[in-house]
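Just below is one structure, and these are the notes that go with it.
In our numbering, the protein residues as written are 1043 to 1194.
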């Protein structure tokens, strides 16, 4: 389910089945790293959308948590923990953070949720068929993280 009115209405009616939320962590930069952070956003958005599609009815895809790359993950950590706490209040059982910013790896324990790091792959010059294979391969690597968390 996506963060759209109709999906949220459905989520509210079936919360006992939708026990997980995915929160993409997206750095932004308006300077020299603008293109890099745009690529990070594009790839993370594609991956999280595909995860939402595959796990439809089990997960809610939240809006992206964006933060200034120059300030770093440490600066954004308190706000992200506030997001996590709000999600926890809603009785969502599993929270998954997905990012391609390595800085977040250092805060995995503090988040007390499943942090999934994925590498950024440049998709802008790939043919569509190759892009689909790359995304499918990445999804295959991520799915066990979800299954493991759901077993616990």
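Beta carbons: idealized from backbone N, C-alpha and C, even for Gly.
Check: The alpha helix (DSSP H) with residue 1129 in it runs from where to where?
Finding: Unbroken alpha helix (DSSP H) run through residue 1129: 1114-1131.
Check: How many Å lie between residue 1088 and residue 1095 at the Cα?
Finding: Near 11 Å, if we compare the C-alpha coordinates of residue 1095 and residue 1088.
Next item on the list: With a floor of 3 residues, list each beta strand (DSSP E) that falls wholly inside the stretch 1131-1167, ordered by position along the chain.
Entry: Those beta strand (DSSP E) runs which fall completely within the stretch 1131-1167 and span 3+ residues are 1136-1141 and 1156-1159.
Margin query: Within 10 Å of its beta-carbon, does residue 1072 have 16 or more other beta-carbons around it, so buried, or fewer, so exposed?
Written below: Note on residue 1072: under 16 other CB atoms within 10 angstroms of its CB, so exposed under the neighbour-count rule.
Notebook entry, point to check: Would DSSP call residue 1107 helix, strand or coil?
Noted result: In the structure shown, residue 1107 sits in a strand (DSSP, three-state: E or B).
Note to self: Using CA atoms only, rank isn't needed, just tell me which of 1048, 1054 and 1063 is closest to residue 1135.
What the structure shows: Each of 1048, 1054 and 1063 was checked against the Cα of residue 1135, and the nearest Cα belongs to 1063.
Margin query: Buried or exposed, going by whether 16 or more other CB atoms sit within 10 Å of the CB of residue 1085?
Written below: Burial of residue 1085 is indicated by the presence of at least 16 other C-beta atoms within 10 angstroms of its C-beta.
Next item on the list: Count the CB pairs spanning the stretch 1123-1140 and the stretch 1052-1067 that are closer than 8 Å, and state whether there are at least three.
Entry: Touching, yes, given that three or more Cβ pairs across the two stretches are closer than 8 Å.
Notebook entry, point to check: residue 1127: which of 1098, 1077 and 1154 sits nearest, CA to CA?
Noted result: When each option's Cα is compared against that of residue 1127, the closest is 1154.
Margin query: The alpha helix (DSSP H) that contains residue 1091, what's its start and end?
Written below: Per DSSP, the continuous alpha helix (DSSP H) segment holding residue 1091 begins and ends at 1076-1096.
Checklist line | Straight-line gap, residue 1151 to residue 1141 (C-alpha atoms, nearest Å) | finding: Rounded to the nearest angstrom, the two C-alpha atoms are 15 Å apart.
Notebook entry, point to check: Do you know how far the Cα of residue 1182 is from the Cα of residue 1044?
Noted result: One C-alpha to the other measures close to 21 Å.
Next item on the list: Would you decide whether residue 1047 is buried or exposed? Buried here means 16 or more other CB atoms lie within 10 Å of its CB.
Entry: Under a 10 Å Cβ-count criterion, residue 1047 is classified as exposed, with fewer than 16 other Cβ atoms of the shown protein chains found around its own Cβ.
Check: Below 7 Å between beta carbons: does that hold for residue 1145 and residue 1115?
Finding: In this structure, residue 1115 lies closer than 7 Å to residue 1145 by Cβ.
Notebook entry, point to check: Do residue 1075 and residue 1111 have their C-beta atoms closer together than 7 Å?
Noted result: Taking a C-beta distance under 7 Å as the contact criterion, residue 1075 and residue 1111 qualify as a contact pair.
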